[in-house]
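Protein sequence lines correspond, in order, to chains W and D. If you read the first sequence in this note's numbering, its first letter stands for residue 129, the second for the next number, and so on. If you read the second sequence in this note's numbering, its first letter stands for residue 14, the second for the next number, and so on. Right, one structure below, let's go through it.
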Amino acid sequence: MTRSRLWIAVFLIPTLLLFTLIYAIPIIVMVATSFSDWDGFGRPEFIGLDNYGNLPGDRQFLLAVRNSLLWGLIAAGIHVPFGVAVALILNRRPFGWRFIRSISLLPNLIPPAALAIIYVFVFNPGIGLANQLIQAFGFENFQANWFFEPGTAFLAVTIVWVFYAGVIILITMAELAAIPPELRESALVDGATERQVDWHIHVPLLRNVVGVGVIIAVTEVFKTFEYVFLTTGGGPGAETMSLGLLIYNLATVRFNSGYANAIGVVLLIMGLLAFVLLARAFRVTESARTR
Amino acid sequence: MRTPKERVAWLLAIVFLIAACGGTQSGTTTASTEPSVTVATTAPATATTAPATATTGATTADPMAMECSPVDYAGGPVTLNFVWWVGGGDTASDTLFTDALACFNQRYEGKIEAVVDYVPGGEDYLAKLTTDYAASGQLPIVVAPKRVGDLAQIWIDNDELVDLKPYFDASPEWQDVAIEESTTFNTIDGKLIAAPDTFVTPVGLFYNMELLGQAGIDKVPETWDEWWATLEALDAAGIPAVSLHTQDIGWSAMLIFEALVARTPEGVAFLGEKYPTDYNHPFIIEASRDIARVFQFTTPDAVGGAYTLAANNFLSGVTAIMPNGPWMIGEFRDPALSSEGFGDKIASGLYPGPVAVDDAGIQVGDWGIGVGYSPEETAAAAEFVEFMSGPEFTRQRVIRMGSIAPNLPLPAEDLASLDPLAADLLTLIQDNNAPILPGYFVQWTSFIQNETIVQGLPQLALGQITPEQFAQQLTDAAQETP
Numbered sequence: 129m130t131r132s133r134l135w136i137a138v139f140l141i142p143t144l145l146l147f148t149l150i151y152a153i154p155i156i157v158m159v160a161t162s163f164s165d166w167d168g169f170g171r172p173e174f175i176g177l178d179n180y181g182n183l184p185g186d187r188q189f190l191l192a193v194r195n196s197l198l199w200g201l202i203a204a205g206i207h208v209p210f211g212v213a214v215a216l217i218l219n220r221r222p223f224g225w226r227f228i229r230s231i232s233l234l235p236n237l238i239p240p241a242a243l244a245i246i247y248v249f250v251f252n253p254g255i256g257l258a259n260q261l262i263q264a265f266g267f268e269n270f271q272a273n274w275f276f277e278p279g280t281a282f283l284a285v286t287i288v289w290v291f292y293a294g295v296i297i298l299i300t301m302a303e304l305a306a307i308p309p310e311l312r313e314s315a316l317v318d319g320a321t322e323r324q325v326d327w328h329i330h331v332p333l334l335r336n337v338v339g340v341g342v343i344i345a346v347t348e349v350f351k352t353f354e355y356v357f358l359t360t361g362g363g364p365g366a367e368t369m370s371l372g373l374l375i376y377n378l379a380t381v382r383f384n385s386g387y388a389n390a391i392g393v394v395l396l397i398m399g400l401l402a403f404v405l406l407a408r409a410f411r412v413t414e415s416a417r418t419r
Numbered sequence: 014m015r016t017p018k019e020r021v022a023w024l025l026a027i028v029f030l031i032a033a034c035g036g037t038q039s040g041t042t043t044a045s046t047e048p049s050v051t052v053a054t055t056a057p058a059t060a061t062t063a064p065a066t067a068t069t070g071a072t073t074a075d076p077m078a079m080e081c082s083p084v085d086y087a088g089g090p091v092t093l094n095f096v097w098w099v100g101g102g103d104t105a106s107d108t109l110f111t112d113a114l115a116c117f118n119q120r121y122e123g124k125i126e127a128v129v130d131y132v133p134g135g136e137d138y139l140a141k142l143t144t145d146y147a148a149s150g151q152l153p154i155v156v157a158p159k160r161v162g163d164l165a166q167i168w169i170d171n172d173e174l175v176d177l178k179p180y181f182d183a184s185p186e187w188q189d190v191a192i193e194e195s196t197t198f199n200t201i202d203g204k205l206i207a208a209p210d211t212f213v214t215p216v217g218l219f220y221n222m223e224l225l226g227q228a229g230i231d232k233v234p235e236t237w238d239e240w241w242a243t244l245e246a247l248d249a250a251g252i253p254a255v256s257l258h259t260q261d262i263g264w265s266a267m268l269i270f271e272a273l274v275a276r277t278p279e280g281v282a283f284l285g286e287k288y289p290t291d292y293n294h295p296f297i298i299e300a301s302r303d304i305a306r307v308f309q310f311t312t313p314d315a316v317g318g319a320y321t322l323a324a325n326n327f328l329s330g331v332t333a334i335m336p337n338g339p340w341m342i343g344e345f346r347d348p349a350l351s352s353e354g355f356g357d358k359i360a361s362g363l364y365p366g367p368v369a370v371d372d373a374g375i376q377v378g379d380w381g382i383g384v385g386y387s388p389e390e391t392a393a394a395a396e397f398v399e400f401m402s403g404p405e406f407t408r409q410r411v412i413r414m415g416s417i418a419p420n421l422p423l424p425a426e427d428l429a430s431l432d433p434l435a436a437d438l439l440t441l442i443q444d445n446n447a448p449i450l451p452g453y454f455v456q457w458t459s460f461i462q463n464e465t466i467v468q469g470l471p472q473l474a475l476g477q478i479t480p481e482q483f484a485q486q487l488t489d490a491a492q493e494t495p
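Okay, here's the thing in structure tokens:
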């Protein structure tokens, strides 16, 4: 082993050690106990594939998967494009851009729990801002219990997070700053508009960071917990159930940790699949190599 | 005409006799059937103002001041670290606990110190105990089995609780105040797995008579016909009638639901069942239909709302009726929580029937000790558990919160400290021979309380599911092994 390889190994040891302790061992336990009947405390009893066999007939699980996939699509289709669009606008340095950049990051500084509680009041059917705003626009009789009516609950939970794209804005702006300014300047000299510069020069060069942003956003919403737990509790019925909340309920309310871990395995596989497919779709690693 | 004070003394004397003649109870913690407690009205007129026994400690000038004189204790010094919560909305209980904790530490100063790691609410207590137990496999030295729902059964099954029997048997004062049925219930295979209960707390309704007056109503409803008429009148006056919520096990709504179930003898018998597995009964379906109707007479934020929201709606004079226990009375008298003189507008009432609901019921006890600690630590914890289940704490519970302690006679001056609203509730129970129903929060599984009700009640209230579907949801959840 060369001296440089030895040093690489030395520097990797802490990371590998921490990963093993904090992630690898729990993941192994999760996978192993997902084949068991286990209350989370005593000795797990091996039951083969029974937990996995129960998943297709579990309405709450199916709704949670459906919601996770929908939120994943919304994250990729609205949340990330919104963040990129804001970053492109801010990149033009309009009046007050620093202020807007700062406030767009504020929600990232607020704990998700606090943000959820704020929206509990925003969507409160009695005193909430949402109803009052709609009533102020002339719909005096409008009255919605946003978080608990089937037609609005999913939308309301989604609104809590969808427009808070601070991380996307930040990483996109960092990537935009790394693009040589000569590209933009020469395009402008050739008669291109700012919009054309963004669309034909900046956006293609942002493919890498957009891909990373989509991976972050999609895997994040797959494991959504606080926003659902503190607003709808997964209701009405299980209309807004998330996989994270379902796992929590199974483990801490029903003490069915074996089944909860089977769903945890499904969540892990969904996250890995999303990562691989999105990385491939955006050619993230390829871009990193070629640039 | 008896004064409220005399009536309470009567009631306590009567409950006494009932407890003395108490029936038997299953020796296991599951599948037992608990009959509702009925307070008779024709008991002999004895001991209406029974003197405090020696075990209640010296009666101080202020009855609410606890007896905290140092006690002889050979062991120690030992520090007991455990988890508890304050801020769950029950300020009277919070205050009683913190006062009792300070009193205990004063009694055992230099020998035992109880140090509490507070969490913000009962659900957080359950979450912390669950997580810590899963992670470490060991319980804190002092635990509250009653407060952890179905997790307590896992502790019992895994033999995680110290046998309190040697300590209990060695303390006549503790034995005297304990409710015999609770002692029997908490004795499993000869071991006392948790401290027996020493009191019951009836839960009724509170009415804002000023708001009722605005609706042309001058008395609290006693029958279901009067109840619906009251709700209609309040609605016509533009007043949201009842404070309700659906989170936090749907507490306020489900109390009314219980009373609705208890309209038939079959319903009363059903409420006495521990962990019922079939809710597809006409009385459950009818109660579901009517609780959905009650939701038409509440605030728009009740569906999806938490207990604190419902409580605030009542305390701020928005709603006219609040289903809750006497621990809330302190909030009516606290200008920081309600308007000046708010308590004077309030009247106590029973649920139509009339019935009350028992805040606790015969179930696993409030205090236990985790295994795996040294004999000296365990003995110190037993001192704490005995204190928190003993005569002094029970006395405080009665005079501060209107609980009924069947085995603890109290002097008239102690009972005079009881808030008139709490005294009125006890008087109503006595005068109406009202059954005190076992609570759904004791009889039904944690899964049903924390998940099925929280998810299904909003659907029922908003008409998204039928009463039959709600009953089926409860059945499905009950049949799923927790």
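Even glycine gets a Cβ: it sits at the ideal position worked out from N, Cα and C.
- The Cβ of D/S459 sits closer than 8 angstroms to at least one Cβ of chain W.
- In summary, W/G185 is exposed, with fewer than 16 beta-carbon neighbours lying within 10 Å of its beta-carbon over all protein chains present.
- By the rule that beta-carbons nearer than 8 angstroms mark a contact, D/P471 touches chain W.
- Taking D/E493 as reference, the option from W/G399, W/N389 and W/N384 with the minimal CA-CA separation is W/N384.
- DSSP places D/Y288 in the coil class of the three-state scheme, outside both helix and strand.
- Between the region 289 to 296 of chain W and the region 204 to 211 of chain W there are three or more C-beta pairs closer than 8 angstroms, enough to call the two in contact.
- Counting along the chain, the unbroken beta strand (DSSP E) around D/N94 starts and ends at V91 to W98.
- Residue pairing by DSSP places D/V129 opposite D/F95 in a beta bridge.
- Spanning the alpha carbons of W/G256 and D/A105 requires a straight line of approximately 31 angstroms.
- In this structure, W/F410 lies away from W/V325, with their beta-carbon atoms at least 8 angstroms apart.
- Here DSSP, grouped into helix, strand and coil, assigns D/F327 to helix.
- Across the region 144 to 157 of chain D, CB contacts with chain W closer than 9 angstroms involve T144, Y146, A147 and G150, in sequence order along the chain.
- CA-CA distance, D/A148 to D/V96, rounds to 16 angstroms.
- If you draw a straight line from the Cα of W/G392 to the Cα of D/R160, it is about 28 angstroms long.
- Nearest CB-CB separation between D/I167 and chain W: below the 8 angstroms threshold.
- Annotation: W/P142 to W/L216 spans about 38 angstroms, alpha carbon to alpha carbon.
- Straight through space, the alpha carbons of D/A484 and D/H294 are spaced by roughly 8 angstroms.
- Membership of W/N389 in the alpha helix (DSSP H) is indicated by the continuous run S385 to A409.
- Excluding residues up to 5 positions away in sequence, P240, A244, V285, V288 and W289 lie with their Cβ nearer than 7 angstroms to the Cβ of W/Y355 in the same chain.
- Listed in chain order, the positions of the region 373 to 396 of chain W with a beta carbon within less than 7 angstroms of a beta carbon of chain D are N377, T380, V381, R382 and F383.
- Classified as buried, D/E399 has 16 or more neighbouring CB atoms from the shown chains inside 10 Å of its CB.
- About 6 angstroms separates the beta carbons of W/N179 and W/S162, which is inside the 8 angstroms limit, making them a contact pair.
- W/L146 sits in a helix when the DSSP states are folded into three classes.
- For D/F219, the enclosing beta strand (DSSP E) starts and ends at P215 to N221.
- Between D/L475 and chain W, the shortest Cβ-Cβ separation is below 8 angstroms.
- Its Cα nearest to that of D/A425, the residue D/V411 stands out among D/Y292, D/V411 and D/I269.
- Cβ-Cβ distances below 7 angstroms link D/T465 to Q486, L487 and A490 in the same chain, with the five nearest sequence neighbours on each side left out; the list follows chain order.
- Any Cβ of chain W closer than 8 angstroms to the Cβ of D/P313 would place that residue at the interface, and such an atom is present.
- The contact set of W/N182 on chain D, defined by CB atoms closer than 8 angstroms, is empty, because the minimum CB distance reaches about 11 angstroms.
- For the region 243 to 298 of chain D, the full-length alpha helix (DSSP H) segments reaching 4 residues or more read 264 to 274 and 278 to 284 along the chain.
- The beta-bridge partner set that DSSP reports for W/E173 consists of W/D165.
- Interface residue (Cβ-Cβ distance to chain W less than 8 angstroms): D/A323 is not classified as such.
- In the three-state reduction of the DSSP assignment, D/Y364 falls in the strand class, which pools E and B.
- Under the Cβ distance rule, D/G251 does not count among the residues neighbouring chain W, no pair being separated by less than 8 angstroms.
- Counting C-beta atoms within 10 angstroms of its own C-beta, W/V317 has fewer than 16 neighbours from the protein chains shown and is therefore classed as exposed.
- When only Cα atoms are considered, W/M369 and W/L201 end up about 16 angstroms apart.
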